[in-house]
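As C-alpha cells, the structure follows; a few thoughts come after it.
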Amino acid sequence: MEREKALMADPSGGGLAGEFLRREAEAAGAPSAALLVIGRILQGETVPDDEVYDALAEQDSLIVGSPETVRKKLRANADLGIDRLMCFQQVGALSQESVLGSMRLVGELIAEFDG
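This is the structure we're talking about:
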C-alpha cells in the first residue's frame, strides 16, 4: 500500500502506472484494492495470485470466481441487456494453462446465455 501511495504522489509521474493510478483514484475518490494491485503489476511487481484474486473479486464490474459466481454475474449483466463480453484473462503471472482453462470455462457458461 505504501508503494502505491508513493507512486500516486510522485511528482515525476511514476511512469504509466502512476498516471493510471492517479486518474482512476481521482475519478473514484480513492483507489480501490483492484486498482492498487493492477498498478503494482504494471510496475513489474509479482503479486501473488491469491492477492490478485481477492482484490479483483471485490469489484462488481469484474467477473471472477467460481462457476456459480460467474454465472450469477453474467446473468446480472444479461438482465441489464448486455449481450457482449470482453474478456481480459491474463492478469499477473497466470500460466498459459490457467488462462486457457479460464477461457474454456467462460465459453461453457456463455453457451447458457446464447439464444
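Reading the sequence shown from the start, the letters are residues -3 to 111 in my numbering.
We treat Cβ as the ideally placed atom computed from N, Cα and C, and that holds for glycine.
Glutamate 41: not part of any alpha helix (DSSP H); DSSP gives it neither H nor E. Burial of arginine 36 is indicated by the presence of at least 16 other C-beta atoms within 10 angstroms of its C-beta. DSSP, reduced to helix, strand and coil, places glycine 77 outside both helices and strands of the structure shown, so it counts as coil. Counted as a single uninterrupted DSSP element, the stretch harbouring valine 60 is not any alpha helix (DSSP H), since DSSP gives it neither H nor E. Rounded to whole angstroms, the gap between the alpha carbons of aspartate 45 and serine 91 is 11 Å.
Straight through space, the alpha carbons of alanine 89 and isoleucine 78 are spaced by roughly 30 Å. Note that the C-beta distance between alanine 29 and alanine 51 is below 8 Å. The DSSP-derived three-state label of phenylalanine 84 is coil.
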